[in-house]
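Student:
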Amino acid sequence: MTIEELRKIAETEREAEKKYQHHVCVCTAAGCLSSGGDHVLDAIRKEVAESGMKNEVLVKGVGCMGLCSAGPLVSVESEGKMFANVTPEEAADVVSSLDTGAGGPQDCPTNVPFFARQKKIVLENSGKIDPERIEDYIAHDGYLALVQTIAERSPQDVIQEIIRSGLRGRGGAGYPTGLKWSTVAKTGEQEKFVICNADEGDPGAFMDRAVLESDPHRVLEGMAIAAYAVGAQKGYLYVRAEYPLAVKNLKTAIRQADRLGLLGNSICGSRFSFHVDIRLGAGAFVCGEETALIASIEGKRGTPRPRPPYPAESGLWDSPTLINNVETFANIAPILRNGAAWFAGIGTEKSKGTKVFALAGRVTNTGLIEVPMGITLREVVNEIGGGIPDGKKCKAVQTGGPSGGCIPEKQMDLPVDYESLKSIGSMMGSGGMIVMDETSCMVDVAKYFMEFCMSESCGKCIPCRAGTQQMHGILARITAGEGSPADLVLLEELCDLVRNTSLCGLGQGAPTPVITTMQYFRDEYDSHVAGAGCPAGVCAGARREAEEVAK
Amino acid sequence: MLTYLGSPQLPSDDKRWKIVEATARRHGRESHALIETLHTVQECFGYLDDSALKFVAMTLRVPLSRVYGAATFYHYFTLKPKGKHTCVVCTGTACYIKGAPALLGAIEKTYGVKPGETTPDNQLSVLTARCLGSCGLAPAVVMDGAVLGKVGAEQMLARIEKGIHHDH
Numbered sequence: 002m003t004i005e006e007l008r009k010i011a012e013t014e015r016e017a018e019k020k021y022q023h024h025v026c027v028c029t030a031a032g033c034l035s036s037g038g039d040h041v042l043d044a045i046r047k048e049v050a051e052s053g054m055k056n057e058v059l060v061k062g063v064g065c066m067g068l069c070s071a072g073p074l075v076s077v078e079s080e081g082k083m084f085a086n087v088t089p090e091e092a093a094d095v096v097s098s099l100d101t102g103a104g105g106p107q108d109c110p111t112n113v114p115f116f117a118r119q120k121k122i123v124l125e126n127s128g129k130i131d132p133e134r135i136e137d138y139i140a141h142d143g144y145l146a147l148v149q150t151i152a153e154r155s156p157q158d159v160i161q162e163i164i165r166s167g168l169r170g171r172g173g174a175g176y177p178t179g180l181k182w183s184t185v186a187k188t189g190e191q192e193k194f195v196i197c198n199a200d201e202g203d204p205g206a207f208m209d210r211a212v213l214e215s216d217p218h219r220v221l222e223g224m225a226i227a228a229y230a231v232g233a234q235k236g237y238l239y240v241r242a243e244y245p246l247a248v249k250n251l252k253t254a255i256r257q258a259d260r261l262g263l264l265g266n267s268i269c270g271s272r273f274s275f276h277v278d279i280r281l282g283a284g285a286f287v288c289g290e291e292t293a294l295i296a297s298i299e300g301k302r303g304t305p306r307p308r309p310p311y312p313a314e315s316g317l318w319d320s321p322t323l324i325n326n327v328e329t330f331a332n333i334a335p336i337l338r339n340g341a342a343w344f345a346g347i348g349t350e351k352s353k354g355t356k357v358f359a360l361a362g363r364v365t366n367t368g369l370i371e372v373p374m375g376i377t378l379r380e381v382v383n384e385i386g387g388g389i390p391d392g393k394k395c396k397a398v399q400t401g402g403p404s405g406g407c408i409p410e411k412q413m414d415l416p417v418d419y420e421s422l423k424s425i426g427s428m429m430g431s432g433g434m435i436v437m438d439e440t441s442c443m444v445d446v447a448k449y450f451m452e453f454c455m456s457e458s459c460g461k462c463i464p465c466r467a468g469t470q471q472m473h474g475i476l477a478r479i480t481a482g483e484g485s486p487a488d489l490v491l492l493e494e495l496c497d498l499v500r501n502t503s504l505c506g507l508g509q510g511a512p513t514p515v516i517t518t519m520q521y522f523r524d525e526y527d528s529h530v531a532g533a534g535c536p537a538g539v540c541a542g543a544r545r546e547a548e549e550v551a552k
Numbered sequence: 026m027l028t029y030l031g032s033p034q035l036p037s038d039d040k041r042w043k044i045v046e047a048t049a050r051r052h053g054r055e056s057h058a059l060i061e062t063l064h065t066v067q068e069c070f071g072y073l074d075d076s077a078l079k080f081v082a083m084t085l086r087v088p089l090s091r092v093y094g095a096a097t098f099y100h101y102f103t104l105k106p107k108g109k110h111t112c113v114v115c116t117g118t119a120c121y122i123k124g125a126p127a128l129l130g131a132i133e134k135t136y137g138v139k140p141g142e143t144t145p146d147n148q149l150s151v152l153t154a155r156c157l158g159s160c161g162l163a164p165a166v167v168m169d170g171a172v173l174g175k176v177g178a179e180q181m182l183a184r185i186e187k188g189i190h191h192d193h
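Here the protein sequences come in this chain order: A and B. Counting along the first sequence from 1, when you hit position 270 you're at 271 in the working numbering, and nothing is skipped either side. Counting along the second sequence from 1, when you hit position 29 you're at 54 in the working numbering, and nothing is skipped either side.
(1) Taking the alpha-carbon positions, what's the B:G71 to B:T153 distance?
(2) If you measure from the beta carbon of B:M26 to each beta carbon in chain A, is any gap under 9 angstroms?
(3) Runs of 3 residues minimum, wholly inside the segment 197-256 of chain A: which ones carry the beta strand (DSSP E) assignment?
(4) Quick one: Cα of A:D497 to Cα of A:S458, how far?
(5) Quick check: is any heavy atom of the ligand MG less than 8 angstroms from the C-beta of A:P114?
(6) Determine the direct distance from the alpha carbon of A:L294 to that of B:M26, and round the result to whole angstroms.
(7) Below 8 angstroms, can you find three or more Cβ-Cβ pairs linking the segment 540-549 of chain A to the segment 491-510 of chain A?
(8) Pull up the DSSP beta-bridge partners for A:T367, would you.
(9) Would you say A:P89 lies against chain B (beta-carbon separation less than 9 angstroms)?
(10) Count the other C-beta atoms from every protein chain shown that fall within 10 angstroms of the C-beta of A:G463, then say buried if there are 16 or more, exposed otherwise.
(11) In terms of residue numbering, what span does the alpha helix (DSSP H) encompassing A:V41 cover?
(12) Ignoring anything shorter than 3 residues, give me the beta strand (DSSP E) runs that lie fully in the segment 248-328 of chain A, in order along the chain.
(13) What are the complete beta strand (DSSP E) segments, minimum 3 residues, inside the segment 97-148 of chain B?
(14) Just verifying my parser: in three-state terms, what is the DSSP assignment at A:F115?
(15) Return yes when the Cβ of A:S79 is within less than 9 angstroms of the Cβ of B:L157, no when it is not.
(16) For A:G346, report the span of its beta strand (DSSP E) as first-last.
(17) For A:Q399, does the three-state DSSP call read helix, strand or coil?
(18) Using 9 angstroms as the threshold, is the C-beta distance between A:V436 and A:V382 below it?
(19) Please list the terminal residues of the continuous alpha helix (DSSP H) segment that includes A:F358.
(20) Where do the N-terminal and C-terminal ends of the alpha helix (DSSP H) with A:G508 fall, by residue?
(21) Of all Cβ atoms in chain B, is any one closer than 9 angstroms to the Cβ of A:P204?
(22) Who are the Cβ neighbours of A:C505 in its own chain at under 6 angstroms, not counting the five residues just before and after it?
(23) Using the three-state DSSP reduction, which class does A:P177 fall into: helix, strand or coil?
(24) How would you list, in chain order, the residues of chain A whose beta-carbon sits under 7 angstroms from the beta-carbon of B:F102?
(25) Which residues bound the alpha helix (DSSP H) around A:T453?
(26) Measuring CB to CB, does A:G172 end up less than 9 angstroms from A:C288?
(27) Is the shortest distance between the beta-carbon of A:A487 and the beta-carbons of chain B less than 9 angstroms?
(28) Assign A:R363 to one of two classes, buried (16 or more other C-beta atoms within 10 Å of its C-beta) or exposed (fewer than that).
(29) Find the nearest neighbour of A:K553 within the set A:D216, A:P110, A:Q161, judged by alpha-carbon distance.
(30) Within 10 angstroms of the Cβ of A:T329, are there 16 or more other Cβ atoms? Answer buried if so, exposed if not.
(31) Scan the segment 410-437 of chain A for residues whose Cβ lies nearer than 8 angstroms to a Cβ of chain B and list them as they occur along the chain.
(32) How far does the beta strand (DSSP E) with A:F84 in it extend, from its first residue to its last?
(33) Any Cβ of chain A within less than 9 angstroms of the Cβ of B:V176?
(34) Bridge partners for A:P416 per DSSP, in chain order?
Pasting the structure below:
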């Protein structure tokens with residue numbers, strides 16, 4: 002494959018699309034699929050065929066458009082229109098609205114802050130291209146970065162570009178991507194691996210799934226460029242088995258890229274070869290930790306091991322291994338296409354680019370969003386999220402999943418970047434963002450996350466295995482109305498111990514929800530242990546206790 | 026120590042074992058194919074029983090203890106057969122704060138089964154999911170593969186009843 006050949010595929014695809022007067026895109030990613038997006042797609046296809054408009058209307062199934070709560074979504078690109086909550090019965094309305102320009106199902110305005118305030122890099126193709134067709138990806142500048150890189154750039158040059166872009170790991174910890182790449186590149190070993198961590202285990206997070214389902218080739222392209230830069234020949238995509246559609250689309254994508262010579266042996270006629278294989282996760286949260294993930298690919302129980310040595314030096318089968326997250330890989334092609342300076346111009350001083358969040362919980366617009374780093378949490382919740390429904394007040398925003406913290410409403414003017422979120426005790430995390438209103442009890446939320454960590458603890462190190470059990474026991478006691486002020490002291494001690502002595506990120510992060518809720522919502526804990534009940538009215542046990550005290 | 030040269034005998038002449046065999050073969054019977062092979066078994070048979078674990082151990086030439094270790098470590102694998110119908114309640118954060126505990130409570134009250142259990146008549150298995158990723162539809166329930174979004178307890182119970190009685 003040469004650049005000319007690639008451009009020709011893109012040109013042919015664009016010409017073919019231009020022949021159609023109308024482009025109707027139906028979201029068939031998991032969010033809309035669960036509300037019947039596939040049936041809507043079939044119905045619209047049938048309607049178009051029956052009304053004899055097959056040569057005028059292009060109907061395609063696309064990836065996530067973001068506003069999952071209003072799904073299934075249908076967008077008519079040619080007219081800049083979007084319809085929400087579409088049912089198969091409304092297919093005729095969609096089709097008839099094409100020519101008349103009027104009517105159609107429930108309108109979903111696209112000039113509202115939910116869409117207007119976003120900045121899309123990772124999700125630029127999501128909701129626009131058919132994820133099952135490599136030609137559609139190529140028509141949107143896909144694989145251009147890979148082909149150009151192999152033809153024109155040295156591996157060192159690529160790494161320098163990534164370093165200059167300021168890209169940091171999107172898995173949550175924010176380690177500089179370029180630095181990681183150069184560590185792997187510097188090792189003299191013959192055999193190296195590239196792994197894409199798509200074991201998105203945080204409850205309430207579905208960013209990676211959306212990217213894999215909506216634009217799988219972008220991730221493959223990022224992985225191939227990374228392999229070229231660090232000198233790896235083999236790549237693994239470690240995906241959750243719970244994401245069947247993502248796995249299916251990835252398998253299709255790998256096959257297509259292989260066929261066009263964009264993956265496989267001597268890519269683009271060069272001496273660079275790169276093979277990608279999929280490995281299915283099996284529902285262990287701890288496998289998101291890199292050394293546990295490596296153990297799992299090796300066919301073992303997914304337990305972490307102490308670092309160093311870091312996987313960059315000794316990883317999969319003791320070979321140097323580069324592990325990046327899905328979203329990190331998805332950023333690579335745009336950076337190389339548009340240049341490091343372009344990317345570094347977006348975001349804040351230390352956090353460049355954008356971040357994808359799965360916005361959910363007690364907020365009007367739930368779904369997938371991509372925002373520039375540095376936007377405030379308040380802007381995200383009130384403008385993009387459309388505020389809290391039912392006239393309730395926002396109480397807290399939880400970022401970073403079970404290892405992250407609860408950020409109180411009064412801190413919401415904080416910009417979203419790695420350092421700011423860390424400074425108030427939370428973390429960027431992989432991108433789950435759960436909004437909570439007054440109906441949520443923060444002690445109950447802390448218990449929820451602790452229960453998660455307790456059952457997901459792999460059991461290898463004692464602080465995590467026993468500590469999460471004990472902390473959960475105390476929290477359960479408090480929410481049952483049987484806690485005492487001494488429990489809070491003990492809880493704080495345990496948090497400190499588990500955080501500082503656990504082997505991996507799971508244990509080290511497990512106390513964070515407790516620490517942040519105790520820091521910002523201490524009054525709720527006090528109320529539970531003083532027999533004054535649960536202020537939010539969630540913990541039935543605490544309420545009963547309070548009633549007895551009142552008597 | 027199990028030392029087998031060549032491929033071990035299939036546990037029965039059930040054709041599904043050949044699919045399992047094929048997965049092992051595709052990975053060159055290397056021990057790192059363990060999880061992939063267990064996935065295939067579960068896909069074919071719905072769960073992992075003793076004969077399956079033993080067969081996988083012999084095929085990949087790994088100790089049975091390691092196969093058992095992996096099968097019990099990963100939540101996705103189940104050693105027990107499921108009931109005729111399955112109802113999965115999502116307990117992800119978004120679903121949790123929007124009422125998943127109440128949904129589980131309603132199921133327990135009506136059918137007397139907790140998450141991970143199956144009704145004595147083998148009709149319904151109740152499971153929980155860490156997160157379905159359908160947070161926009163919270164709280165979400167999957168009944169026999171169909172997702173019910175923004176669901177209330179009564180609506181969910183009606184759907185479960187419908188699913189069970191559909192067969193009769």
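Idealized CB from N, CA, C, for every residue including glycine.
Tutor: Looking at the atomic coordinates:
(1) 17 angstroms
(2) Its pLDDT being 47, under 50, B:M26 is placed unreliably by the model, and the measurement read from it follows with that caveat. Chain A, which has no Cβ nearer than 9 angstroms to the Cβ of B:M26, makes this no.
(3) 235-240
(4) Inter-residue distance for A:D497 and A:S458 is about 17 angstroms (C-alpha atoms, whole angstroms).
(5) Inclusion of the ligand MG in the displayed structure is not the case, the ligand content being empty and no account of it being possible.
(6) Its pLDDT being 47, under 50, B:M26 is placed unreliably in this model, and the value from its coordinates should be taken loosely. Between B:M26 and A:L294, the C-alpha separation is close to 27 angstroms.
(7) no
(8) Answer is none; A:T367 lacks a bridge partner.
(9) no
(10) Gly is not the amino acid found at residue 463 of chain A; the sequence shown has Ile there. Per the 10 Å Cβ criterion, exposed.
(11) Going by DSSP, A:V41 is part of the alpha helix (DSSP H) stretching over 38-51.
(12) 276-281, 322-326
(13) 110-115
(14) In this structure, A:F115 counts as helix in the three-state DSSP scheme.
(15) no
(16) It is not in any beta strand (DSSP E) - A:G346 carries neither H nor E in the DSSP assignment.
(17) strand
(18) yes
(19) Premise fails: A:F358 lies in the beta strand (DSSP E), 355-362, not in any alpha helix (DSSP H).
(20) 506-510
(21) yes
(22) Excluding positions up to five away in sequence, the list reads E290, P305.
(23) strand
(24) A283
(25) Sequence inspection shows Phe at residue 453 of chain A; the Thr mentioned does not correspond to that position. Taken as a continuous stretch (DSSP letters only), the alpha helix (DSSP H) holding A:F453 covers 443-457.
(26) no
(27) no
(28) So A:R363 counts as buried.
(29) Residue numbering for chain A in the displayed model covers 2 to 552; residue 553 of chain A lies beyond these limits and cannot be assessed.
(30) For A:T329, the number of other beta carbons within 10 angstroms of its own is at least 16, and it is reported as buried.
(31) G433, I435, M437
(32) 82-84
(33) By this cut-off, B:V176 is not an interface position.
(34) Note: A:P416 sits in a beta bridge opposite A:T377.
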